[in-house]
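My numbering numbers the first residue of the sequence shown as 76 and each following residue consecutively. Ideal Cβ positions, reconstructed from N, Cα and C, are used throughout, including at glycine. Quick caveat, the model's predicted, so the values are computed rather than measured.
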Amino acid sequence: MFNIKRLFQRIKEFALRYIRTDAHEKLEEYVTRERSFKIYNTKKYMSILDALPASSREIFKIIPTLIHYNDKSLPGFIKSRSAMCGVANYSVGLKAQNVLKTIFRRSDFRKPRGTPAIELLALIGSMGSIAQTAESDYDFWVCADFNNYKPEQIEQFRGKLLDIEKWALKKANLEVHFFLMDIEQVRSNNFGESGAESSGTALGKLLKEEFYRTATYLCGKMPYWCIIPPGADEESYEGYVAFLGEYEKFSPGKYLDIGNVHGISKDEFFGAALWEIVKGWRFPFKSILKMALLEKYLSSDLTSDVLCNELKRNILENPDNP
Numbered sequence: 076m077f078n079i080k081r082l083f084q085r086i087k088e089f090a091l092r093y094i095r096t097d098a099h100e101k102l103e104e105y106v107t108r109e110r111s112f113k114i115y116n117t118k119k120y121m122s123i124l125d126a127l128p129a130s131s132r133e134i135f136k137i138i139p140t141l142i143h144y145n146d147k148s149l150p151g152f153i154k155s156r157s158a159m160c161g162v163a164n165y166s167v168g169l170k171a172q173n174v175l176k177t178i179f180r181r182s183d184f185r186k187p188r189g190t191p192a193i194e195l196l197a198l199i200g201s202m203g204s205i206a207q208t209a210e211s212d213y214d215f216w217v218c219a220d221f222n223n224y225k226p227e228q229i230e231q232f233r234g235k236l237l238d239i240e241k242w243a244l245k246k247a248n249l250e251v252h253f254f255l256m257d258i259e260q261v262r263s264n265n266f267g268e269s270g271a272e273s274s275g276t277a278l279g280k281l282l283k284e285e286f287y288r289t290a291t292y293l294c295g296k297m298p299y300w301c302i303i304p305p306g307a308d309e310e311s312y313e314g315y316v317a318f319l320g321e322y323e324k325f326s327p328g329k330y331l332d333i334g335n336v337h338g339i340s341k342d343e344f345f346g347a348a349l350w351e352i353v354k355g356w357r358f359p360f361k362s363i364l365k366m367a368l369l370e371k372y373l374s375s376d377l378t379s380d381v382l383c384n385e386l387k388r389n390i391l392e393n394p395d396n397p
């Protein structure tokens, strides 16, 4: 019997296979870049787990789940119906549920309602690199849009993160530090008031460069920067984001715009050097290495081709090469 639906389906498949537009060609490039970056990110995550002491591994793996839920049986419970919780595009896997059941004697937690508060959770710093040791601490960027919440909600959530830090240290001697970041401020390269753990605007794009260079993406939305061609200037970057945002696969529901890194002013290197001098009393070896990197950048005219772009170029060319 003649099947008209099957005929139309075959015509559609033929058209998609042979009639390609420039947009289709570009999208295929982004799909390839996405695949390469995810291969690299997964390998980096697995290397973090391999270097972790066995006693800390399960605790580390459920940290995103503790942030995702707001439940009175879990550390960091916020007694408020308007509490910030939920991580974008995150689902609790079977292994995480089993760990929760082992530690907290239950796994049937209520799913967060409404729009997830956290849009990106990433691990930064030495983790997943040759510098990681059993004594390394774990620095997380927890990115949210502060415009969607009242100041008291944000402060309550900071308290939640602090409680999780204390719990991880007590439970598994895991030194965890959360940095709650406002997406709009990150996009504009403003990293809070200067202090012991914050650089304010002293580092600007340089801190974002360090984030892109060292980040391991745990859950939430991946930054657009990861799949945009290396070394793109600001105008090109904005054009790429606008183009990608029109397609479901790369829509703002799945990707996050936290800005680009290009054309770093040499004035920023001076401010960064002063910051490293101030911080050097606490972490002298780390500060010396970062000062050496700043000197390297200053001695070159190619301040747009910073290390994060070189890393991204290598990842996209060969994600399997360690």
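Here DSSP, grouped into helix, strand and coil, assigns PRO139 to helix.
A Cβ-Cβ distance of about 7 Å is found for the pair GLU259 and ASN222, placing them in contact under the 8 Å criterion. Pairing PRO298 with ARG388 gives a Cβ-Cβ distance that is not under 7 Å.
Between GLU284 and VAL336, the gap from beta carbon to beta carbon is short of 7 Å. Separation of LYS365 and LYS241 (C-alpha to C-alpha, rounded to the nearest whole angstrom) is 29 Å. In terms of Cβ geometry, LEU255 and VAL217 form a close pair [threshold 7 Å]. Classified as buried, ILE339 has 16 or more neighbouring CB atoms from the shown chains inside 10 Å of its CB. Measuring C-alpha to C-alpha distances from ARG188 to each of GLY151, SER204 and TYR144 identifies TYR144 as the nearest.
Non-local beta-carbon contacts of SER122 in its own chain, meaning distances under 7 Å to residues more than five positions away in sequence, involve GLY203 in chain order. In this structure ILE302 does not touch ILE138 by the C-beta definition: roughly 26 Å separates them, more than the 8 Å allowed.
Contiguous beta strand (DSSP E) elements confined to the segment 185-232 occur at 193-199 and 213-219, taking only those with 3 or more residues. Taking a cut-off of 8 Å for Cβ pairs, the segment 109-120 and the segment 286-294 touch, as three or more such pairs fall below it.
Looking at the backbone, the Cα of ILE205 and that of LYS119 are separated by about 11 Å.
Exposed is the label assigned to PHE358, since fewer than 16 other Cβ atoms lie within 10 Å of its Cβ. Around the C-beta of LEU82, fewer than 16 other C-beta atoms lie within 10 Å, and the residue is accordingly described as exposed.
Secondary structure note for CYS294: its beta strand (DSSP E) is the uninterrupted segment 291-295. For PHE152, no alpha helix (DSSP H) segment is defined, and its DSSP state is neither H nor E. In the three-state scheme derived from DSSP, where H, G and I count as helix and E and B as strand, HIS337 is classed as coil.
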